[in-house]
Amino acid sequence: MTFDSPLSAWQHAIEHKGFIQDEAQEHAVWALQKCHEALHAGARSVTGVYLWGPVGRGKTWLMDQFYQSLRVPARRQHFHHFMGWVHQRSFQLTGIADPLRALARELAAEVRVLCFDELFVNDIGDAIILGRLFQVMFDEGVVVVCTSNLPPDELYADGFNRDRFVPAIAAIKAHMQVVAVNGAEDHRLHPGTARQRYFVAEPGQGSALEPVFQSLNAGQPASAEPVPVGHRVLNVVQASAAVLWCRYADLCEQPFAAMDFITLCDSYRSILLSEVPNLSAQKREGRIARGTEDGSAQVVAGDRELPQLSVHDDGVRRFIALVDECYDRKVPLYIEAQVPMEALYTEGYLEFPFRRTLSRLQEMQLQRFAE
Numbered sequence: 010m011t012f013d014s015p016l017s018a019w020q021h022a023i024e025h026k027g028f029i030q031d032e033a034q035e036h037a038v039w040a041l042q043k044c045h046e047a048l049h050a051g052a053r054s055v056t057g058v059y060l061w062g063p064v065g066r067g068k069t070w071l072m073d074q075f076y077q078s079l080r081v082p083a084r085r086q087h088f089h090h091f092m093g094w095v096h097q098r099s100f101q102l103t104g105i106a107d108p109l110r111a112l113a114r115e116l117a118a119e120v121r122v123l124c125f126d127e128l129f130v131n132d133i134g135d136a137i138i139l140g141r142l143f144q145v146m147f148d149e150g151v152v153v154v155c156t157s158n159l160p161p162d163e164l165y166a167d168g169f170n171r172d173r174f175v176p177a178i179a180a181i182k183a184h185m186q187v188v189a190v191n192g193a194e195d196h197r198l199h200p201g202t203a204r205q206r207y208f209v210a211e212p213g214q215g216s217a218l219e220p221v222f223q224s225l226n227a228g229q230p231a232s233a234e235p236v237p238v239g240h241r242v243l244n245v246v247q248a249s250a251a252v253l254w255c256r257y258a259d260l261c262e263q264p265f266a267a268m269d270f271i272t273l274c275d276s277y278r279s280i281l282l283s284e285v286p287n288l289s290a291q292k293r294e295g296r297i298a299r300g301t302e303d304g305s306a307q308v309v310a311g312d313r314e315l316p317q318l319s320v321h322d323d324g325v326r327r328f329i330a331l332v333d334e335c336y337d338r339k340v341p342l343y344i345e346a347q348v349p350m351e352a353l354y355t356e357g358y359l360e361f362p363f364r365r366t367l368s369r370l371q372e373m374q375l376q377r378f379a380e
C-alpha cells in the first residue's frame, strides 16, 4: 500500500500493523513530513533530513515511507552504491575544470531528492570527495534525506586527514535537519511470526541447508557447476534459476565486490550461505604507513598508524555488504554457521558496523522480512 505522506504511513502502521508509538520516531516523522510538504509546495529552498541513531529504531523504514510517497523526481540508494557511482562518474569526467560540480549538476537535472541509507564514511578517498560533493550538491538544489548510525560530528571521527571531510559535516548541518532516532525500542526485535533462516551446524550431521534448498527450489533443475558473477565465477554447492547455495569461503573470502552482491540479488530470489566460521579474532598490531598518496596529490601527513584489522576482516567486510544488499532488496539470506548468531563477531575492528549486521540478521528470522 502506498501512502500520500510519511505521516499517514506511520499513523497507519501504528493503527493497523501493531507498531509501537515511539516519541523519537514521531519527531523524525514530523521532520520528514515538513520536508515532504515543502517539496510538493514547490519551495525553492528545502531543508533535508538526517536521521541517526542505534540499529533497529526504524530509520530506514521511515525514510522509505518518505521516498515512496514522493511525487517529485527522486533516487533511493544504499550509500555505498552511491559512492561507487560517484567514483566511476568522477573518473569519466576527468579533464574538465570542476568534475564534482558537473556531477552535481547532472544529479540536479535528474532528481530533486536523494535518499541515502546507511551513511558511513571510513575511506579517505570517499572522505575527500564528500568534503566538496555535499557542498556542491546543496548549491545545485539537491535535497538529501539519509539515515546513519552516527551524528554528523562523529562521521569519519578518527579518519586520516579528517580536516578534508569537515566541510561535508558543515554542509550537512547547514542544509539538513539532524534528528536523533534513539528511542529505547529496538523495533526489529518485536515478536512476529518466526521463520528460521539461521542455523548452527551440528558436527557429524548433514547440512541444515540441504532441505531448505530443496524446499525453496521446488523441484526445479539445479547444478553444482560454477556460476558467472561479473568477471569472475563463483563456486557453488548448488544453484538453480532462483536459488543460490554457496560456501562462505567461496563468496566472502574471494575478491568479490559490492557490485557482485547486487548482481546476485538481481539474479536469485533466495541465497544460502554455509560453512560460516566464527568471524571473531583479535586485532592485529597496527602498522605504520608512509608516503600515502591520494590520486595525483601527495598527502602531507608523515607517518600514520593503519587500522588494527583482524585476520577475518576482509571476508567480514564482504559478509556485511552481502547482508546489507539482501536486507535492502528483501532477498532472504539463509545461513549455516559454526556458532550462534550472537557469537558470530564479538571481537575485531569491525565491531561497530557489525552491530547493524547482527540486527538485520535477527530481523531476517521473521516471516515479515520478505513480505
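Numbering-wise (the numbering used here), the sequence shown opens with residue 10 and increments by one.
By construction, the Cβ of each residue, glycine as well, lies at the ideal position given by its N, Cα and C atoms.
Predicted model, so just to flag it, every value in this text is computed and none were measured.
Exercise. Touch check for the region 348–360 and the region 272–290: three-plus C-beta pairs under 8 Å?
Worked result: Note that the region 348–360 touches the region 272–290; at least 3 beta-carbon pairs, one per stretch, sit closer than 8 Å.
Problem set entry | leucine 102 (DSSP reduced to helix, strand or coil) | Coil, per DSSP.
For this session: Using the DSSP secondary-structure output, state which residues sit across from glutamate 127 in a beta bridge.
Result: Glutamate 127 is not bridged to any residue.
Exercise. Taking the alpha carbon of cysteine 124 as the point to measure from, which residue in Ser99, Asn131, Leu109, Met92 has its own alpha carbon closest?
Worked result: The shortest Cα separation from cysteine 124 among Ser99, Asn131, Leu109, Met92 belongs to Met92.
For this session: Would you list the one or two residues that DSSP bridges to glycine 57?
Result: Per DSSP, Met185.
Exercise. In terms of residues, what are the limits of the alpha helix (DSSP H) holding histidine 45?
Worked result: Taken as a continuous stretch (DSSP letters only), the alpha helix (DSSP H) holding histidine 45 covers 32–49.
For this session: With DSSP collapsed to three states, give me the class of serine 232.
Result: DSSP, reduced to helix, strand and coil, places serine 232 within a strand of the structure shown.
Problem set entry | Bridge partners - tyrosine 207, DSSP secondary structure assignment | DSSP, once it has assigned bridges, lists Ile344 as partnering tyrosine 207.
Problem set entry | glutamine 34 vs glycine 67 beta-carbon contact at 8 Å | Closer than 8 Å, so yes.
Problem set entry | Unbroken beta strand (DSSP E) run spanning glutamine 86, endpoints | Boundaries of the beta strand (DSSP E) harbouring glutamine 86: 83–87, taken from the DSSP string.
Problem set entry | Same chain only: Cβ atoms within 6 Å of valine 130, ignoring 5 sequence neighbours per side | So the list reads Ala136, Leu164, Tyr165, once near-sequence residues are dropped.
Problem set entry | Endpoints, the beta strand (DSSP E) within which leucine 218 is located | Leucine 218: not part of any beta strand (DSSP E); member of the alpha helix (DSSP H) spanning 218–226, first to last residue.
Exercise. So, does the CB of glutamine 30 fall closer than 8 Å to a CB anywhere in chain D?
Worked result: Absence of chain D from the displayed structure is noted, only one protein chain being present.
For this session: Could you check if glycine 62 is buried or exposed, using at least 16 other CB atoms within 10 Å of its CB as the buried criterion?
Result: Per the 10 Å Cβ criterion, buried.
Exercise. In three-state DSSP terms, what is threonine 156?
Worked result: Threonine 156 sits in a strand when the DSSP states are folded into three classes.
Problem set entry | Beta carbon of leucine 71 nearer than 8 Å to that of leucine 60 | At a Cβ-Cβ threshold of 8 Å, leucine 71 and leucine 60 count as neighbours.
For this session: Have a look at phenylalanine 378 and histidine 90 and give me their C-alpha separation to the nearest angstrom.
Result: Looking at the two C-alpha atoms, the distance is approximately 22 Å.
Exercise. In terms of DSSP beta bridges, what is valine 242 paired with?
Worked result: Partner(s): Pro237.
Exercise. CA-CA distance, asparagine 170 and threonine 56?
Worked result: Their Cα atoms are separated by approximately 29 Å.
Problem set entry | Distance cut-off 7 Å: glutamine 34 Cβ against heavy atoms of the ligand NAD | Of ligands this structure carries none, so the ligand NAD is not represented either.
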